[in-house]
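*Asks:* Under my numbering, think of the first position of the sequence shown as 60, with each following residue one higher. Note that CB positions come from ideal geometry on N, CA and C, so glycine has one too. Just dropping this structure here.
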Amino acid sequence: KFKPKGKCSHGGSFDSTQDDEPTGGINKDKLKSVHGHLHYQAASMAYKATVNILKQLQQDIGDDSFALFLTLKKNLNSLIISIDTSRSIGNYIDLAKDISINIVNQYGQLEFAPHNYILISFNSHYAKIIINSRKPNDLTNAIQELNSCENYASALGGMYYSSLIEGLIQSEYSSVIYTFTDSSASDSY
Numbered sequence: 060k061f062k063p064k065g066k067c068s069h070g071g072s073f074d075s076t077q078d079d080e081p082t083g084g085i086n087k088d089k090l091k092s093v094h095g096h097l098h099y100q101a102a103s104m105a106y107k108a109t110v111n112i113l114k115q116l117q118q119d120i121g122d123d124s125f126a127l128f129l130t131l132k133k134n135l136n137s138l139i140i141s142i143d144t145s146r147s148i149g150n151y152i153d154l155a156k157d158i159s160i161n162i163v164n165q166y167g168q169l170e171f172a173p174h175n176y177i178l179i180s181f182n183s184h185y186a187k188i189i190i191n192s193r194k195p196n197d198l199t200n201a202i203q204e205l206n207s208c209e210n211y212a213s214a215l216g217g218m219y220y221s222s223l224i225e226g227l228i229q230s231e232y233s234s235v236i237y238t239f240t241d242s243s244a245s246d247s248y
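Right, here's the structure in full:
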């Protein structure tokens, strides 16, 4: 077998690279192995090195990002609202906006509020992110400004699945997507 330069060996009688530089290694199979007396020292060194790397990462990216990286933060999900803005939904757009704003307000009051708030607009031709913000008020304002009756009306339906994908790309794990549309998906897979 070939051992990359500078790589330690596993050690022990089954290690065909134990005589290649660097020689030796700590066989981790049994405490009674040739280097078994060094297992605890090796584990301690590995632990200390891991702690040092994590401390450096925390200093580099900051406490909030580090807690998010380790999934220690409470708000590890996203609230995604996807609204069809094609001409055909014009009679229902105000209702969709009112319900959406109510949803945002309800989520904003939770102890485990979402990490971010996302609005996606879609019609029969495209799906696009309107806003991705950490502030629920930004989402509410964007919903209020959303216009229906874009000049796209199609019997084929809307870009529903594309809007889901756009939301999933931007979202955290365990997220919720609310979609408002009056037609079937034109971009089914």
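If I'm right that Phe181 touches Ser221 with Cβ under 8 Å, what's the distance once you round it to whole angstroms?
*Replies:* About 7 Å; that satisfies the 8 Å criterion.
*Asks:* Could you tell me if Leu138 is buried or exposed, where buried requires 16 or more neighbouring beta carbons within 10 angstroms of its beta carbon?
*Replies:* By the 10 Å Cβ count, Leu138 comes out buried.
*Asks:* Do you know how far the Cα of Ser75 is from the Cα of Ile188?
*Replies:* One C-alpha to the other measures close to 56 Å.
*Asks:* Give the straight-line distance between the Cα atoms of Gln203 and Ile177, rounded to the nearest whole angstrom.
*Replies:* Distance between the alpha carbons of Gln203 and Ile177: 14 Å.
*Asks:* Can you confirm whether the segment 117 to 129 touches the segment 160 to 168 when touching is taken to mean that 3 or more C-beta pairs between the two stretches lie within less than 8 Å?
*Replies:* In short, these stretches do not touch, since the Cβ pair count stays below three.
*Asks:* Quick one, which of Asn136, Phe239 and Tyr219 has its alpha-carbon nearest Tyr185's?
*Replies:* Nearest option by C-alpha distance: Tyr219.
*Asks:* So for Leu178, helix, strand or coil by DSSP?
*Replies:* Note: Leu178 maps to strand in three-state DSSP.
*Asks:* Check the C-beta distance from Asn175 over to Asn161 and give it rounded, since I have them as a contact under 8 Å.
*Replies:* Asn175 to Asn161, Cβ: 19 Å. No contact.
*Asks:* Would you mind reading off the limits of the beta strand (DSSP E) that contains Thr109?
*Replies:* Where Thr109 is concerned, there is no enclosing beta strand (DSSP E), although the alpha helix (DSSP H) it sits in stretches over His98 to Ile120.
*Asks:* Can you look up Ala172 in the DSSP assignment and give me helix, strand or coil?
*Replies:* Here Ala172 sits in coil by DSSP.
*Asks:* Taking the straight line between their C-alpha atoms, what separation do you get for Lys57 and Glu170?
*Replies:* Given a span of 60 to 248 for the chain in the structure shown, any question on residue 57 remains unanswerable.
*Asks:* To the nearest angstrom, report how far apart Ser242 and Arg146 are at their CA atoms.
*Replies:* Approximately 11 Å, taken between the alpha carbons.
*Asks:* Which first and last residues belong to the beta strand (DSSP E) in which Ile188 is found?
*Replies:* It spans Ala186 to Ser192 - the beta strand (DSSP E) in which Ile188 sits, taken as one unbroken run.
*Asks:* Between Pro81 and Asp119, what straight-line distance do the alpha-carbon atoms span, to the nearest angstrom?
*Replies:* Their Cα atoms are separated by approximately 33 Å.
*Asks:* Report yes if the C-beta distance between Phe239 and Ser141 is below 9 Å; otherwise report no.
*Replies:* Yes.
*Asks:* Let's test the definition: count the other Cβ atoms within 10 Å of the Cβ of Ala105 and tell me whether it reaches 16, buried, or not, exposed.
*Replies:* When all chains shown are included, Ala105 counts as exposed.
*Asks:* Secondary structure at Ser141, three-state DSSP: helix, strand or coil?
*Replies:* The answer is strand: DSSP assigns Ser141 an E or B state.
*Asks:* Is the distance from the Cβ of Gly217 to the Cβ of Ala244 below 9 Å?
*Replies:* Yes.
*Asks:* Buried or exposed, going by whether 16 or more other CB atoms sit within 10 Å of the CB of Leu223?
*Replies:* Leu223 is buried by the Cβ-count criterion.
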